[in-house]
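Colleague: So that we are looking at the same thing, I have put the structure below in C-alpha cells.
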Amino acid sequence: MERRQFLRGTGAAIGGSLLAGCAGNGDGSGSGTVTVDYAYYNPVSLVLREKGWLEETFADAGTDVEWVLSLGSNQANEYAQSGEADVSSTAGIAALMARTNGVPITTPYIYSEPEWTALVTFAETGIESVADLEGRSVAATRGTDPYFFLLQALDDAGLSEGDVEVVNLQHPEGQSALVRGEVDAWAGLDPHMAELELEHDGAELFFREPRYNTYGFLNFLDGFLADRPEDARRVIEAYERGREWAVENPEETAGILADASEMSEPVAERVFTQRNDLSRPIPGDPHRELLSNLSPILESEGLVTEGSDPAGRVDELIDPEFASEVV
1 MERRQFLRGT GAAIGGSLLA GCAGNGDGSG SGTVTVDYAY YNPVSLVLRE KGWLEETFAD
61 AGTDVEWVLS LGSNQANEYA QSGEADVSST AGIAALMART NGVPITTPYI YSEPEWTALV
121 TFAETGIESV ADLEGRSVAA TRGTDPYFFL LQALDDAGLS EGDVEVVNLQ HPEGQSALVR
181 GEVDAWAGLD PHMAELELEH DGAELFFREP RYNTYGFLNF LDGFLADRPE DARRVIEAYE
241 RGREWAVENP EETAGILADA SEMSEPVAER VFTQRNDLSR PIPGDPHREL LSNLSPILES
301 EGLVTEGSDP AGRVDELIDP EFASEVV
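Numbering-wise (full-length UniProt numbering), the sequence shown opens with residue 1 and increments by one.
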C-alpha cells in the first residue's frame with residue numbers, strides 16, 4: 001500500500017532572516033515579529049494557527065506572527081539554536097538535551113501530556129518484544145522523544161543502542177521505511193503512528209509504556225523571555241485560550257488536526273482524544289523528577305557534552321512562575 005506523505009521540509013527552508021524584525025521597543029514588547037513553531041504533535045499550536053488567535057493577541061502591539069513547521073523535536077531545537085524561532089515545541093527530554101548542550105531555552109508551559117510514542121512493527125517480522133530487536137534495524141529520529149523512548153525500552157530489556165541498528169530518519173520517513181520493509185521496526189510518533197495503526201493491516205504497537213513519554217514542552221528563547229516579557233506573556237495567553245478551547249471542543253480539535261496533517265478523522269480523533277491530556281499546563285515537580293531520572297541516558301549515550309551534568313540543568317530549564325501568572 002502506497003503511503004500518503006505528510007507535509008514536510010517547509011520548516012527547514014525558513015532562513016535566519018526572521019530575526020531581523022524581532023527587536024524590542026524597550027518596554028518588554030516587540031513591534032516587529034514573533035516567530036512560533038507549529039507541529040502535528042502539538043494540537044494546540046494547530047488550533048492557534050487555524051483560529052488566528054496568536055495574530056489577534058499581537059494585533060494591538062503591532063507585531064507580526066511568523067509560523068514555522070517543526071517535524072520533530074530535533075528540528076524545533078535547531079530553530080531554537082539558530083534563533084529562527086522564539087517559541088518552539090519539543091518533548092521534555094529533548095528540551096533538556098538542548099539546554100544541557102548550550103541552547104538558551106526555558107520551559108514555562110506544558111502544551112500536552114501525551115502518549116505519543118511506541119515501538120511499531122509488522123507481524124511478519126516476528127518481533128514480539130523489545131528483546132527481539134537485538135541485531136535488527138529500527139527507524140528513529142535522533143534527539144526526539146521516540147528515540148529516547150527506544151533507548152529506555154532497550155535498557156529495560158538489557159540492551160543498548162549498540163545492539164540494534166538505529167536508522168536516523170524523520171518521523172514520516174520512518175513510517176514509510178517500515179511500510180516498505182526497509183527497517184524491521186520504528187520508534188513511532190503520533191499522528192503518523194496512529195495512521196499506521198488504524199489504516200495498515202498488520203501494524204502492531206508491540207511495546208507501549210506511557211511513563212516513558214516526556215510531556216510536550218513549549219520552549220522560549222531566554223533572550224525573548226528577558227527582553228520581551230510582555231510578548232512572551234501574550235504567547236502564553238494565546239496558548240491558554242487555545243488549550244481551553246481544545247479541551248472543550250475535542251471533536252473540532254481533532255478535525256483541525258486532521259485537516260492540517262492530511263490524515264483521516266478517525267486517526268486524528270485517536271491521537272487527540274485518547275493520547276493527549278491537556279489538563280496540566282504548568283511545569284512542576286513531576287516534570288523535574290522525570291527529567292532527573294532520565295538524564296543519565298543523555299550521558300551514557302554521549303548525547304551531551306562530557307561533564308555537562310544534565311540533571312543539574314533541570315531547574316534551569318523549567319520555570320513554572322512565568323506561566324502561573326497567566327494560567
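In this text, a Cβ means the ideal position worked out from N, Cα and C, and glycines have one as well.
Source: prediction; values computed, not measured.
1) Round the Cβ separation of D277 and S112 to the nearest angstrom and send it over; I've been treating them as touching at under 8 Å.
2) Rounded to the nearest angstrom, how far is the Cβ of F149 from that of N77, given a contact under 8 Å?
3) Would you mind listing the alpha helix (DSSP H) stretches within the region 175-199 that are 4+ residues and don't spill past its ends, in chain order?
4) Buried or exposed: which applies to Q274, given that a residue is buried once 16 or more other Cβ atoms fall within 10 Å of its Cβ?
5) Could you tell me whether the Cβ atoms of A232 and F220 are closer together than 8 Å?
6) Can the beta-carbon of D222 be found less than 8 Å from the beta-carbon of I318?
7) Just mark T100 as buried or exposed, buried being the case when its beta carbon has 16 or more other beta carbons within 10 Å.
8) Does residue 330 come out as helix, strand or coil in the three-state DSSP assignment?
9) Please report whether the beta-carbon of H287 lies at a distance below 8 Å from any beta-carbon of chain B.
10) What ranges does the alpha helix (DSSP H) occupy inside the region 237-279, keeping only unbroken runs of at least 4 residues that lie completely in it?
11) From this set, E289, N293, H200, which residue's C-alpha is nearest V267's C-alpha?
12) If you draw a straight line from the alpha carbon of G126 to that of V179, how long is it in whole angstroms?
13) On the three-pair Cβ rule with 8 Å, is the region 242-252 touching the region 64-75?
14) Which one or two residues does DSSP pair with F207 in a beta bridge?
15) When you compare each of G181, T141, L205 to E128 by their alpha carbons, which one comes out closest?
16) Use the C-beta contact count for A194: other C-beta atoms within 10 angstroms, 16 or more gives buried, fewer gives exposed.
17) Would you kindly work out how many angstroms separate the C-alpha atoms of V164 and F58, rounded to a whole number?
18) Distance check for I110 and R280, CA to CA, integer angstroms please.
Modeller: The short version:
1) That belief holds up - the Cβ atoms of D277 and S112 are roughly 7 Å apart, short of 8 Å.
2) With 8 Å as the limit, F149 and N77 do not qualify as a contact, their Cβ atoms being about 17 Å apart.
3) DSSP assignment within the region 175-199 yields the following whole alpha helix (DSSP H) runs of 4 residues or more, N-terminal first: 192-199.
4) By the neighbour-count rule (16 or more Cβ atoms within 10 Å), Q274 is not buried but exposed.
5) Closer than 8 Å, so yes.
6) Going by C-beta atoms, D222 is not nearer than 8 Å to I318.
7) Counting Cβ neighbours within 10 Å, T100 comes out buried, since at least 16 surround it.
8) Residue 330 lies beyond the residue range present for the chain, which begins at 1 and ends at 327; the question has no answer from this structure.
9) Considering every chain present, this structure includes no chain B. It has just one protein chain.
10) 250-261, 265-269, all fully within the region 237-279.
11) Closest in alpha carbon position to V267, among E289, N293, H200, is H200.
12) Spanning the two alpha carbons is a distance of roughly 15 Å.
13) Cβ pair count under 8 Å is below three, so no.
14) According to DSSP, which records beta bridges pairwise, F207 is partnered with L119.
15) In terms of CA proximity to E128, L205 leads the group G181, T141, L205.
16) Residue environment for A194: buried (at least 16 other C-beta atoms within 10 angstroms of its C-beta).
17) Approximately 48 Å, taken between the alpha carbons.
18) CA-CA distance, R280 to I110, rounds to 7 Å.
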